[in-house]
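Listed in order, the protein sequences are those of chains L and F. Note that the numbering used here has the first sequence beginning at 134, numbered continuously upward. Note that the numbering used here has the second sequence beginning at 134, numbered continuously upward. Glycine is no exception: its CB is placed at the ideal position from the N, C-alpha and C atoms. As the structure is a prediction and not an experimental result, all values here were calculated from the model. What follows is a set of notes on a single structure, which appears directly below.
There are 2 protein chains.
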Amino acid sequence: MKALKIPEATITRLSIYSRFLKRLDKKGITTVSSGDIAEGVGVSPAQVRKDLAYFGEFGTRGVGYNVKDLIRYTVKILGLSEPWNLVMVGAGNLGSALVTYREFKDRGFSIVGVFDNDLTKIGKRIADLEVLPLEEMPEMVKEYNVRIGIIAVPSKAAQDIADIMIKSGLEALLNFAPISLNVPDYVEVRNVDLSVKLEILTFNLALREK
Amino acid sequence: MKALKIPEATITRLSIYSRFLKRLDKKGITTVSSGDIAEGVGVSPAQVRKDLAYFGEFGTRGVGYNVKDLIRYTVKILGLSEPWNLVMVGAGNLGSALVTYREFKDRGFSIVGVFDNDLTKIGKRIADLEVLPLEEMPEMVKEYNVRIGIIAVPSKAAQDIADIMIKSGLEALLNFAPISLNVPDYVEVRNVDLSVKLEILTFNLALREK
DNA sequence: TAGATTGTTAATCGATTAACAATC
DNA sequence: TAGATTGTTAATCGATTAACAATC
Numbered sequence: 134m135k136a137l138k139i140p141e142a143t144i145t146r147l148s149i150y151s152r153f154l155k156r157l158d159k160k161g162i163t164t165v166s167s168g169d170i171a172e173g174v175g176v177s178p179a180q181v182r183k184d185l186a187y188f189g190e191f192g193t194r195g196v197g198y199n200v201k202d203l204i205r206y207t208v209k210i211l212g213l214s215e216p217w218n219l220v221m222v223g224a225g226n227l228g229s230a231l232v233t234y235r236e237f238k239d240r241g242f243s244i245v246g247v248f249d250n251d252l253t254k255i256g257k258r259i260a261d262l263e264v265l266p267l268e269e270m271p272e273m274v275k276e277y278n279v280r281i282g283i284i285a286v287p288s289k290a291a292q293d294i295a296d297i298m299i300k301s302g303l304e305a306l307l308n309f310a311p312i313s314l315n316v317p318d319y320v321e322v323r324n325v326d327l328s329v330k331l332e333i334l335t336f337n338l339a340l341r342e343k
Numbered sequence: 134m135k136a137l138k139i140p141e142a143t144i145t146r147l148s149i150y151s152r153f154l155k156r157l158d159k160k161g162i163t164t165v166s167s168g169d170i171a172e173g174v175g176v177s178p179a180q181v182r183k184d185l186a187y188f189g190e191f192g193t194r195g196v197g198y199n200v201k202d203l204i205r206y207t208v209k210i211l212g213l214s215e216p217w218n219l220v221m222v223g224a225g226n227l228g229s230a231l232v233t234y235r236e237f238k239d240r241g242f243s244i245v246g247v248f249d250n251d252l253t254k255i256g257k258r259i260a261d262l263e264v265l266p267l268e269e270m271p272e273m274v275k276e277y278n279v280r281i282g283i284i285a286v287p288s289k290a291a292q293d294i295a296d297i298m299i300k301s302g303l304e305a306l307l308n309f310a311p312i313s314l315n316v317p318d319y320v321e322v323r324n325v326d327l328s329v330k331l332e333i334l335t336f337n338l339a340l341r342e343k
């Protein structure tokens with residue numbers, strides 16, 4: 134049992150619901166309906182209930198969901214009950230931005246090491262981290278129990294860096310380079326493409342002209 | 134006719150194909166099959182052909198696609214034949230990274246103005262741009278024919294900034310704040326959420342434990 | 001109780017894939 | 001011609017939505 138396949142879109146939305154709920158909680162709101170959540174994040178109420186139903190029964194019929202409880206449940210489902218240590222390769226502008234990115238901290242992510250193979254960058258400081266040579270990654274991965282790595286290097290270098298990160302013991306990669314990485318089956322990869330969404334906008338605007 | 138609805142996933146992939154093809158072109162490769170593209174970006178060959186079929190017949194049976202031609206077609210479809218000027222609000226770390234982001238330039242995007250309402254940031258320089266007060270946005274939007282704006286401010290400020298950007302004449306927003314924006318129907322919005330993909334990774338890793 | 005809202009099933013909708021005729 | 005690969009249709013697959021019984 135529990136062989137039920139969960140759509141990745143459901144996980145994506147769960148992450149969005151979870152953060153929306155935290156904002157409600159901050160405002161002192163204690164109860165929400167699926168309709169409230171739906172309106173807040175721009176999906177249908179049925180969608181919200183269906184997404185939650187994959188994981189259990191969290192609401193009360195006739196009443197709705199307790200905000201604090203639902204935050205706890207969504208955080209648990211997403212694997213965020215415990216904090217995660219991350220390492221990152223690439224000490225460029227994007228890398229620097231990610232190290233100080235507030236949203237990561239808020240969700241329990243902590244970048245514990247920044248690496249680069251550019252000698253001019255090694256030794257530099259980004260926030261309170263010293264940029265380290267790649268050779269030191271395996272040690273840090275082991276010491277800080279790191280399972281996830283962020284790739285913030287140019288496309289050309291991304292595959293080589295991915296190989297090194299995997300050899301260092303990482304099981305999951307968040308890749309900001311706009312290329313498709315080849316990795317062993319046990320390694321999870323997700324790409325964040327900063328340019329694709331922009332091109333969806335240009336596509337839509339270009340259509341308007343006609 | 135031509136009322137055929139095109140899936141947004143198709144546009145997303147087209148953007149990815151387009152950039153993959155440019156890399157092939159740089160390597161001097163002149164012809165590709167749908168299978169080559171599929172393998173290069175991690176989808177099925179049928180998917181590639183179907184995606185292209187929404188827009189025309191670009192290949193030669195028994196041969197494949199001419200790389201340079203297909204680049205031209207995909208670029209045209211995505212509305213990227215002409216360069217786009219962008220404005221951005223938010224001169225923080227993320228904003229700074231985006232101004233210098235190579236991938237944007239490569240695809241014909243140019244950030245022509247950076248704005249902030251933080252007095253300590255106004256007047257500062259990011260790359261070769263001076264950070265300007267929001268009041269100057271309408272003028273710049275008009276002068277540079279800007280239609281798309283980037284939101285790189287904290288979540289709290291995002292809705293207010295979006296309202297101002299729309300009033301300044303923008304028709305499309307690329308939103309890096311992890312909240313759902315309320316905008317008029319004619320305004321296109323896409324969110325880039327840096328944290329969601331990371332939470333898909335933690336979800337998957339957390340599943341492994343069991 | 002009456003009103004509200006969940007949890008869940010079945011119906012609908014849409015996207016992906018398989019398969020093959022067309023054709024280079 | 002034989003082999004290869006496209007363009008396209010039909011079949012499959014999967015996700016969303018509508019609807020309603022359950023129940024607070």
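Alpha carbon of Gly197 (chain L) to alpha carbon of Ile284 (chain L), nearest angstrom: 41 Å
Using 8 Å as the limit for Cβ to Cβ distance, is Tyr277 (chain L) near chain F? no
In angstroms, rounded to a whole number, what distance separates the CA positions of Glu342 (chain L) and Arg280 (chain F)? 12 Å
Under the three-state DSSP convention, the category Tyr234 (chain L) falls into: coil
For Glu332 (chain F), is the classification buried or exposed, using 16 other Cβ atoms within 10 angstroms of its Cβ as the cut-off for buried? buried
Applying the criterion that 16 or more other CB atoms from any shown protein chain within 10 Å of the CB defines a buried residue, is Thr163 (chain L) buried or exposed? exposed
If you draw a straight line from the C-alpha of Ile244 (chain L) to the C-alpha of Ile139 (chain L), how long is it? C-alpha separation (whole angstroms): 29 Å.
By Cβ distance below 6 Å, which residues in the same chain neighbour Lys135 (chain L) in space, the five residues on each side in sequence not counted? Because the pLDDT of Lys135 (chain L) is 42, which lies under 50, any placement of that residue in the model is unreliable, and the number read from its coordinates should be weighed accordingly. Answer for Lys135 (chain L): no residue qualifies.
Cβ distance (whole Å) where Val83 (chain F) is taken to contact Ile149 (chain L) below 8 Å: Any question about residue 83 (chain F) goes unanswered here, given that chain F covers just 134 to 343.
Please check if any C-beta of chain F sits within less than 8 Å of the C-beta of Ser167 (chain L). no
What number of angstroms, rounded off, separates the C-alpha of Pro287 (chain L) from the C-alpha of Leu303 (chain L)? Distance between the alpha carbons of Pro287 (chain L) and Leu303 (chain L): 20 Å.
Are Gly246 (chain L) and Leu265 (chain L) touching if we call contact CB-CB under 8 Å? yes
At a Cβ threshold of 8 Å, is Leu331 (chain L) touching chain F? yes
Is there a Cβ of chain L sitting closer than 8 Å to that of Ala339 (chain F), yes or no? yes
Apart from the five residues on each side of it in sequence, which residues of its chain come closer than 7 Å, Cβ to Cβ, to Thr143 (chain F)? Excluding positions up to five away in sequence, the list reads Asp184, Tyr187.
Residues of chain L with CB closer than 7 Å to the CB of Leu211 (chain F), please, in chain order. Near Leu211 (chain F) (Cβ distances below 7 Å), the residues of chain L are Glu332, Thr335, Phe336.
Whole-angstrom distance between Leu307 (chain F) and Asp293 (chain F), CA atom to CA atom: 15 Å
Taking buried to mean at least 16 other C-beta atoms within 10 Å of its own C-beta, is Ala179 (chain F) buried or exposed? exposed
Can you tell me which of the three DSSP states Glu263 (chain L) falls into? strand
Once you ignore the five residues that flank Leu154 (chain F) on each side, which residues in its own chain have a CB closer than 8 Å to its CB? Val165, Ile170, Val200, Leu203, Ile204, Thr207
Beta-carbon within less than 7 Å of Ile255 (chain L)'s beta-carbon, same chain only, minus the 5 sequence neighbours each way: which residues are those? Asp249, Val264, Leu265, Pro266
What did DSSP end up calling Thr163 (chain F) once you bin it into helix, strand or coil? coil
If we ignore side chains and look at the alpha-carbon of each, how far apart do Met221 (chain F) and Gly228 (chain F) end up? 7 Å
Name the chain L residues that come within less than 9 Å of Tyr234 (chain F), Cβ to Cβ? Asn226, Leu227, Leu327, Ser328
When you check each C-beta in the segment 242 to 261 of chain L against every C-beta of chain F, which residues fall closer than 7 Å? Phe242
Classify Arg240 (chain L) as helix, strand or coil using the three-state DSSP reduction. coil
Quick check on this structure: which residue in F:Lys238, F:Ser214, F:Lys289, F:Leu252 has the alpha carbon closest to the alpha carbon of Ala224 (chain F)? F:Leu252
Excluding five sequence neighbours on each side, which residues of the same chain lie with their C-beta closer than 7 Å to the C-beta of Gly192 (chain F)? Tyr198
Taking the beta strand (DSSP E) that Arg323 (chain F) falls in, what are its first and last residues? 321 to 324
For Asp296 (chain F), is the classification buried or exposed, using 16 other Cβ atoms within 10 angstroms of its Cβ as the cut-off for buried? exposed
Specify, as a first and last residue, the run of the beta strand (DSSP E) that Ala305 (chain F) falls within. 305 to 308
Using a threshold of 8 Å, state whether the C-beta atoms of Leu130 (chain L) and Leu219 (chain L) are closer than that. The requested residue 130 (chain L) does not occur in the structure, where chain L is confined to residues 134 to 343.
Under the DSSP definition of a beta bridge, which residues are partnered with Asp249 (chain F)? F:Pro266
Specify the secondary structure class of Met134 (chain F) as computed by DSSP and reduced to three states. The predicted position of Met134 (chain F) is uncertain, since its pLDDT is 37 and thus under 50; no value can be drawn from it.
Nearest candidate by alpha-carbon position, reference Ala291 (chain F), set F:Lys275, F:Ala339, F:Leu314: F:Leu314
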